[in-house]
Amino acid sequence: MTATQPNVDRRQLSYIAGQAADARVNVELEAEGMTLNIGPQHPATHGTLRLVVRLDGEQVIEADPIMGYMHRGYEKLVEVRTYPQINTLINRIDWLGSFANEVPFILACEQLMGIEAPPRAQWIRTLFFELSRIANLTLFLGDMGVQLGAVTPVFYAFRDREHILNQIEAATGGRFHPNFDRIGGLKDDLPAGWVDETRRALGQIRKFCDVMEDLIVGNEIFEARTRGIGVIPADVALSYGVRASGVDWDLRRDNPVGGPGAGLVYDKLDWKVWTHPDGDSFARYWVRLQEVREACHMVDQLLDSIPAGPIMAKVPRIIKVPEGEAYVATENPLGEMGYYVVSQGGLEPFRVKIRSASFSNMSITPWVLKGTYVPDVITILASLYFILGDIDR
Amino acid sequence: MALVPGVIKGLGVTFSEIVKTVTKGPETVQYPHAKEDPVPRARGVIALHEDNCTACMLCARECPDWCIYIEGHKELAPPRRAGGKPRSVNKLDRFDIDFGLCMYCGICVEVCPFEALFWSPEFEYSEPKIADLLHDKSRLGQWMTTVPEFEPYEAGAQVKGKKVPR
Amino acid sequence: MGNTLAVEFAYWQTTIFKLVMAFVAVLIPAGGTVYLYLFKMVSFMQSRLGPMEAGPYGSLQLMAEVGKFAQKEDIFPARADRFVFAAAPYVVLVSTFLLVLVVPFGPDAAFANFDVGVFLALAVSSLSVIGILMAGWASASKYSLLGGLRAAGQLIAYELPLVLAVVGVVIQAGSLNLQRIVQAQIEGEIFGWGALGNPFVITQFIGFFIFLVAVQAELAQVPFDMPIAESELVSGYMTEYSGFRFLLFFIAEFATANIFAFLASVLFLGGWSVPPFVTDLLGIDSYSNVMNVIGPIVMATKMLLLTFLIYWVRFTYPRFREDQLQRFAWKFLIPLALVNIALTGFFKVAF
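Residue numbers (my numbering), protein chains in the order written: chain A, 39 to 431; chain B, 5 to 170; chain C, 70 to 420.
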């Protein structure tokens, strides 16, 4: 055998193995009913999610989500990146509310290094966290409309979201990937005039929420499509971490790690946790609508009283996190996101485990999709709201 | 099925949007006929102020994509005062940034200890050939003219303001 | 209504003229409404301007799209039934052209004056169902099959409200002939006041509503677009079609919408006629030769109004689920239509 022969065989072998694995999936489900492959290329599955459903007519007998089509190897990548470089990469996990991805990681590193960010930095960090929540959830409000067939609300979502993205860009330089959080504070301070502009942007978002309430929530067709669809009772929701099933739990308020706030200033604000007893798709949409309004309210309070002070604590130039491990989870727009950082004292972490919200949210899919109709599958997927980057990392 | 109230309100919303777009104009900008100015801090392209650069390689080392290529050599410059030793300075031979790889993260601009790299909001530099996306020293120097001044900060900030060397 | 033209034409000449006019009557309004509603109105609804580059204000965008579709590769799915797959778009288009035959555009400007015009119109409009079923089955794809099956159920279910809504008009006009229906609207009077004529939309408003809803469903438009359901089935029965065949479906969809709007304007809004007080003002007879020129313009205006309603609803609402759709048709629309017929008959006899 020449030197090149083994390579060719291995490639061919892996190709055949892949095909066989694919076939095995289909063969297993072929017993009765029609097997339909929703995705990985599909308009409804926010990206490359593959959902293999076995149908009896239009009713789903069995559903099997197959994730990993967008796996980018984050946890392996960050093992060979320094901490500032990791900050850049993890922006891209949940790309709609991207500042929110940096926060738990930075908080974990700050915990390991024993550094506390100055109050101004914590304040502005919370501000941007809530802004990213608004950016993420406004898209959801429009996107659920488009999954159900209403093509216009999503344009309003993109249009009004631009105001928030412009504000994020004015302060950080990047609309989608701000890369603004640093261990010990933030990269830079806010430019002059930012506070007033942001207040104006919030006014637009509030108007958008009212429009969505008229256009979608009040629409009888939408109600008929979402009420009673995909009901997730409270106990199941607790074990999977899904909202809007009457479970009054929010990490911003009930964070067990590091005490209330622990790097964010939620304990100094006046806000409430929204929940809905029904647990169906309509409840999930409604709760997120109220969350956007609540986030606007929080940002207003934050804008009113940003404390003066430095924006960055005393941090060495070359960041070496001492040995130890820390896990910090925060209430991200998509759910609970956590980073488990294990450091062995070097420039790079030893291991970072990313607990992403959408992955856990998706694991409820086989249970909740049983017995629903095909159009309801789309409604439920849309209401569970996942981002593929968040599932697959 | 009382379909009248909610669905009619929805129709009203879209109709008023039609009227608004016809009378007041759309929310979109007809690029390339009309262009919107990006904010001053927008991360469009990286400009190099060559006089400040000492080829210390920090930016090339910290770049997550390794898209900065630096080559330099040491030269002997005349001593600062008469009778002293000639001091060695780093001279920059090659400073390329491959914008095809660049993630626009800003780590290089941030870690530069001599303030030789600056952000410019210029973004219209797309090329038909990918190889042309590698901007060399002279091109990076040309971007310096597009770098805006640093903005003043909000009230309560205690950050020192910086100036762009021209 | 017995006007003669100044010049005598042979039969074959009028036939060719009618053929050309049939193409014009189907394709030109289709192109116009595609531009006006699909490109511009939906864009204005979404705070944007739509296509602006191709021609002034994007008016030639449709030409560009036609050119794009025409030069695409003709793709057949491997396991598709080639003949049925190829024939399906033509079947849908044939029903569109047959439908335009019965619509009168003026006192003499009609392709043919059938005594059972309404009956013929409703009968040929059901031909498109066959085309859609053929497309869904022959595509050999599970998505298309789902779309085709949904279409079968939906389109057949909404045929009934369509027919029953028209029955009220027929009772009031006393004839199935579309020209007679227009005449009844011109010469009718509302409680003795003849200035407006008697457009049947005033008395038959229930029928009008049912007709428009049923038309929306027959065209498989949102909120009744389960057969297409873009976010679920990609394109339903049209998924596997690309290039010129897809263009045929596309044109058929918009042309059928226009022709149903023509029909609705004939049945409910008075067709090619203008209200009598206008003709009195202008000093012309309602059936004069001038109306043969004004008639199509009036029809076009009324058609644009009705298609505005159709597309306004299409781009605002989410879609119904299949069973909700069926429930709406069988349990709400059909009883309502029957009530409408009963009331119309009662009032016709009583007054």
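Heads up, the beta-carbon is just placed ideally off N, CA and C, and yes, glycines get one too.
- Counting C-beta atoms within 10 angstroms of its own C-beta, Ser357(C) has fewer than 16 neighbours from the protein chains shown and is therefore classed as exposed.
- Among the residues of chain B, none has a CB under 8 Å from the CB of Arg163(A); the nearest is roughly 15 Å distant.
- Shown in chain order are the members of the stretch 108 to 133 of chain C whose Cβ falls below 7 Å from a Cβ of chain B: Met110, Phe113, Met114, Ser116, Arg117, Leu118, Met121.
- Among the residues of the stretch 257 to 282 of chain A, those with a Cβ less than 8 Å away from any Cβ of chain C are Asn257, Ile259, Phe260, Ala262, Arg263, in the order of the chain.
- Gly186(C) is the residue among Gly186(C), Leu214(C), Phe377(C), Ala139(C) whose C-alpha sits nearest the C-alpha of Val235(C).
- Per DSSP, the beta bridge partners of Phe99(B) are Ile74(B).
- Contacts between Trp381(C) and chain B, judged by CB atoms closer than 8 Å, involve Leu15, Thr18, Phe19 in chain order.
- Proximity of Leu89(A) to chain C, defined by a Cβ-Cβ separation below 9 Å, is not satisfied.
- Beyond the five residues adjoining it in sequence on each side, Ala46(B) comes within less than 6 Å, by CB distance, of Pro125 in the same chain, given in chain order.
- In this structure Met250(A) is buried. Its beta-carbon is surrounded by 16 or more other beta-carbon atoms within 10 angstroms.
- With respect to Ala147(C), Ala209(C) sits close: the two C-beta atoms are nearer than 9 Å.
- In terms of CA proximity to Leu316(C), Ala139(C) leads the group Gln115(C), Phe108(C), Ala139(C), Pro125(C).
- Proximity to Trp399(C) across Leu105(C), Ile279(C), Met372(C) peaks at Ile279(C), based on C-alpha coordinates.
- For the pair Arg263(A) and Leu145(A), the CB atoms are not nearer than the 9 Å cut-off.
- Looking at Thr149(B), Val151(B), Lys166(B), Thr150(B), the one whose alpha-carbon comes closest to that of Tyr157(B) is Lys166(B).
- When secondary structure is reduced to three states using DSSP, Gln395(C) falls in the helix class.
- For the stretch 338 to 368 of chain A, residues whose beta-carbon sits nearer than 9 Å to a beta-carbon of chain B comprise Ile344, Pro345, Ala346, Gly347, Pro348, Ile349, Met350, Arg355.
- DSSP places Met372(C) within a helical segment (H, G or I) once states are collapsed to three.
- Secondary structure note for Asp430(A): its alpha helix (DSSP H) is the uninterrupted segment 426 to 430.
- At a beta-carbon threshold of 7 Å, the residues of chain A lying near Thr385(C) are Ala188, Thr190, ordered along the chain.
- A distance of 9 Å or more separates the beta carbons of Ile402(A) and Asp132(A).
- Counting only Cβ-Cβ distances below 9 Å, Ala46(B) has contacts in chain A at Glu207, Ala208, Gly211, Gly212, Arg213, in chain order.
- Contact holds between the stretch 137 to 153 of chain B and the stretch 89 to 103 of chain B, because three or more Cβ pairs, one in each stretch, are under 8 Å apart.
- As DSSP reads the structure, Leu412(C) sits in no beta bridge.
- Contact with chain C is absent for Tyr423(A), since none of that chain's Cβ atoms lies less than 9 Å from the residue's Cβ.
- In this structure, the CA atom of Gly362(A) is about 24 Å from the CA atom of Arg431(A).
- Taken through DSSP and simplified to helix, strand or coil, Tyr112(A) comes out as helix.
- Along the stretch 130 to 148 of chain A, there is no position whose C-beta sits under 8 Å from a C-beta of chain B.
- Under the rule that a run must span 4 or more residues, the alpha helix (DSSP H) segments found entirely inside the stretch 189 to 232 of chain C read 196 to 207.
- Looking at the DSSP output, Glu369(A) bridges to Glu374(A).
- Not one beta carbon of chain A lies nearer than 9 Å to the beta carbon of Phe319(C).
- Considering only Lys95(B), Gly160(B), Ala135(B), Val151(B), the residue with the shortest C-alpha distance to Val168(B) is Val151(B).
- By the Cβ-count criterion, Gln285(C) is buried, with 16 or more other Cβ atoms from all chains shown falling within 10 Å of its own Cβ.
- Residues of chain A whose Cβ lies closer than 9 Å to the Cβ of Glu66(B) are, in chain order, Thr120, Pro122, Gln123.
- Taking CB atoms only, Pro30(B) has a neighbour in chain C less than 9 Å away.
- With a 10 Å radius around the Cβ and a threshold of 16 neighbouring Cβ atoms, Ser197(C) comes out buried.
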